[in-house]
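Here is the structure we will look at, set down as structure tokens.
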Amino acid sequence: MYDEKFMRRAIELAASALDIPGARPYGAVVVKDGKVVGEGLNESAKKFDPTSHGEVEAVRDACRNLKTTDLSGAELYTSCEPCSVCVAAMIMAGISRMYYGASLQQSARIVPPPKMPPPALLVREQVGQPADSRSMLPAEVKLGDEAIALLRQWVEKRK
Numbered sequence: 002m003y004d005e006k007f008m009r010r011a012i013e014l015a016a017s018a019l020d021i022p023g024a025r026p027y028g029a030v031v032v033k034d035g036k037v038v039g040e041g042l043n044e045s046a047k048k049f050d051p052t053s054h055g056e057v058e059a060v061r062d063a064c065r066n067l068k069t070t071d072l073s074g075a076e077l078y079t080s081c082e083p084c085s086v087c088v089a090a091m092i093m094a095g096i097s098r099m100y101y102g103a104s105l106q107q108s109a110r111i112v113p114p115p116k117m118p119p120p121a122l123l124v125r126e127q128v129g130q131p132a133d134s135r136s137m138l139p140a141e142v143k144l145g146d147e148a149i150a151l152l153r154q155w156v157e158k159r160k
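Everything in the sequence shown is counted per the numbering used here, starting at 2 for the first residue and increasing by one.
Below, the structure written as structure tokens:
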């Protein structure tokens, strides 16, 4: 259930980017059972990590703090609508609900994108395409049989 104090905390984290070199104004918190269990700030340039978005960092922090990769039942509050990378991390972790402040379109009009990675709207467009249909990342299958054999070995070893 929405609680304004958690959204205010996400915006407060985003505001901390004003004073942190290499940070961008996107903050997020993960809440479980009414408590903040993870926080994150976009520090892509500072960490030289294009996946260091506020939401991803908050999910990572929550998983470490709770010693799990299953955040089912948790909510995520973020200062801006998440990009596709962040949404994927949230889905993989099992985040149950998300609240956001600014939309992705509003952010794109205000905050200049970094030179790399491409702007979030382009990522959103491309990420849902099959690998062989993406314009930004052409892909080819190589050594597929070996990769599949390794997957089977891994499963067999754990039976």
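We put the CB at the ideal spot given by N, CA and C, even for glycine.
In this text, all values refer to a predicted model and were calculated from it rather than measured experimentally.
- Counting along the chain, the unbroken alpha helix (DSSP H) around residue 85 starts and ends at 85-94.
- Under the three-state reduction of DSSP output, residue 44 falls in the coil class, being neither helix nor strand.
- With 16 or more neighbouring CB atoms inside 10 Å of its own CB, residue 79 falls in the buried class.
- Here residue 96 is buried. Its C-beta has 16 or more other C-beta atoms within 10 Å.
- Put simply, the stretch 105-114 does not touch the stretch 56-73. Fewer than three CB pairs are less than 8 Å apart.
- For residue 159, there is no enclosing alpha helix (DSSP H), as DSSP gives it neither H nor E.
- Inter-residue distance for residue 124 and residue 85 is about 7 Å (C-alpha atoms, whole angstroms).
- With a cutoff of 8 Å on beta-carbon distance, residue 8 and residue 100 are scored as near each other.
- A residue is called buried when at least 16 other Cβ atoms come within 10 angstroms of its Cβ; residue 93 does not meet this threshold and is exposed.
- Using a Cβ distance threshold of 8 Å, residue 24 and residue 16 do not count as a contacting pair.
- Following the DSSP letters along the chain, one finds residue 105 inside the alpha helix (DSSP H) bounded by residues 105-111.
- One thing to note: residue 35 has its Cβ no nearer than 8 Å to the Cβ of residue 14.
- Take the alpha-carbon of residue 12 and the one of residue 148: they are about 43 Å apart.
- Comparing alpha carbon positions, the residue from 45, 131, 38 and 83 closest to residue 71 is 38.
- Taking all protein chains in view, the Cβ of residue 144 is surrounded by fewer than 16 other Cβ atoms within 10 Å, so the residue is classified as exposed.
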